[in-house]
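Numbering (the working numbering), first residue to last: -4 to 202.
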Amino acid sequence: MNLPPVSPAVPPRLVLGSTSAYRRELLHRLGMPFEVRSPGVDETARAGEAPSALAERLALAKARAVAAALPDSDVVVIGSDQVADLRGHALGKPGDHTGATAQLRAMRGQTVHFHTALTVCRPRTDYERTVVETVSVDFRDLSDAEIEAYLQREQPYDCAGSAKVEALGITLLSRVASNDPTTLIGLPLIALCQLLREAGLDPLANA
-4 MNLPPVSPAV PPRLVLGSTS AYRRELLHRL GMPFEVRSPG VDETARAGEA PSALAERLAL
56 AKARAVAAAL PDSDVVVIGS DQVADLRGHA LGKPGDHTGA TAQLRAMRGQ TVHFHTALTV
116 CRPRTDYERT VVETVSVDFR DLSDAEIEAY LQREQPYDCA GSAKVEALGI TLLSRVASND
176 PTTLIGLPLI ALCQLLREAG LDPLANA
């Protein structure tokens, strides 16, 4: 008797809940097909909210918002958010030249902690986990002329803390302490690979 061939299990769809070009570029490194969805989450900080708590809340909210928009699909959703922490004060994306100038002037000669929160969820299996990876960055005692030259060339107005370290922003720093070099760019890939495996989507098996 000839039995029909067994179909391999269909892996869940991978969805990045972010419109960040930096996160898309990092996720491409894993060689897995994925979709991009805008989470449409209000990123306003709550009164008295610590920077790390803000990043964690927003990463979770983004993942849940995207998952809720795909209720009939088996999806693994990635949500992420990064907040720069200067002495307990949250620094987000500067938005424009004036904002970036103010941020860099405040950070010169200081240690800034960049909190990158990551949520991975797979609603069909009730999997959901959030981690926060922190990078400590020492900024040089930058002159106003150095700050202006950097901003004119890099224009990092969509980067938390205005420091685009994967490019010219590295010249602003004297030290970086991190467990994962991709964390500071915006998506901690070491932690992400672990969470994807836990969710049932192994990057090596699904590349």
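Ideal Cβ placement from N, Cα and C applies to all residues, glycine included.
In the DSSP assignment, find the beta strand (DSSP E) that holds Asp133 and state where it starts and stops.
By 1-based counting over the sequence shown, the position of residue 133 is 138. Taken as a continuous stretch (DSSP letters only), the beta strand (DSSP E) holding Asp133 covers 122 to 134.
For the alpha helix (DSSP H) that Ser173 lies in, which residues bound it at each end?
Working through the sequence shown from its first residue, we reach residue 173 at position 178. Segment: none, Ser173 is in no alpha helix (DSSP H) and carries neither H nor E.
Would the beta-carbon of Leu182 fall within 9 Å of that of Arg8?
For the purposes of this step, residue 182 is taken as the residue at position 187 of the sequence shown. For the purposes of this step, residue 8 is taken as the residue at position 13 of the sequence shown. Not a contact, by the Cβ cut-off of 9 Å.
Quick check for students: name the residue ranges of the beta strand (DSSP E) that lie wholly in the segment 40 to 93, counting only runs of 3 or more.
70 to 81, 84 to 86
Would you call Gln77 buried or exposed, if buried means 16 or more other Cβ atoms sit within 10 Å of its Cβ?
Taking the first residue of the sequence shown as 1, we reach residue 77 at position 82. Flag for Gln77 reads buried.
How big is the Cα-Cα spacing for Ala200 and Glu20?
The sequence position of residue 200 within the sequence shown is 205, counting from 1. The sequence position of residue 20 within the sequence shown is 25, counting from 1. One C-alpha to the other measures close to 20 Å.
Please classify Gly26 as buried or exposed, where buried requires at least 16 neighbouring CB atoms within 10 angstroms.
The sequence position of residue 26 within the sequence shown is 31, counting from 1. Burial call: exposed.
Same chain, Cβ closer than 6 Å to His108, five either side skipped, listed in chain order:
Taking the first residue of the sequence shown as 1, we reach residue 108 at position 113. Hits under 6 Å: Asp80, Thr129, Ser131.
Alpha-carbon to alpha-carbon, Leu196 and Leu86:
Taking the first residue of the sequence shown as 1, we reach residue 86 at position 91. Taking the first residue of the sequence shown as 1, we reach residue 196 at position 201. Each residue's alpha carbon lies about 33 Å from the other.
Look up Glu30 in the DSSP assignment and say whether it is helix, strand or coil.
Walking along the sequence shown from the start, residue 30 turns up at place 35. The answer is strand: DSSP assigns Glu30 an E or B state.
Using 8 Å as the threshold, is the segment 90 to 108 in touch with the segment 129 to 148, meaning 3 or more CB pairs across them?
Short answer: they touch.
Pairing CB atoms from the segment 33 to 46 with CB atoms from the segment 149 to 156, are three or more of them under 8 Å?
no
Where the alpha helix (DSSP H) through Leu184 begins and ends
As a working mapping, residue 184 is identified with position 189 in the sequence shown. From DSSP, the alpha helix (DSSP H) with Leu184 extends over 184 to 194.
DSSP beta-bridge partners of Ala112
Taking the sequence shown and counting its residues from 1, the one referred to as residue 112 is at position 117. Answer is Asp76, Val127.
Using the Cα positions of Tyr145 and Gly164, report the straight-line distance between them to the nearest angstrom.
For the purposes of this step, residue 145 is identified with residue 150 of the sequence shown, where counting begins at 1. For the purposes of this step, residue 164 is identified with residue 169 of the sequence shown, where counting begins at 1. Cα-Cα distance, rounded: 7 Å.
Below 9 Å between beta carbons: does that hold for Leu53 and Glu38?
As a working note, residue 53 is residue 58 in the sequence shown. As a working note, residue 38 is residue 43 in the sequence shown. In this structure, Glu38 lies closer than 9 Å to Leu53 by Cβ.
Go to Leu11, then tell me how far its alpha helix (DSSP H) extends in each direction, as first and last residue.
Stepping through the sequence shown from its first residue, residue 11 is reached at position 16. Careful: Leu11 lies outside any alpha helix (DSSP H), inside the beta strand (DSSP E) at 8 to 11.
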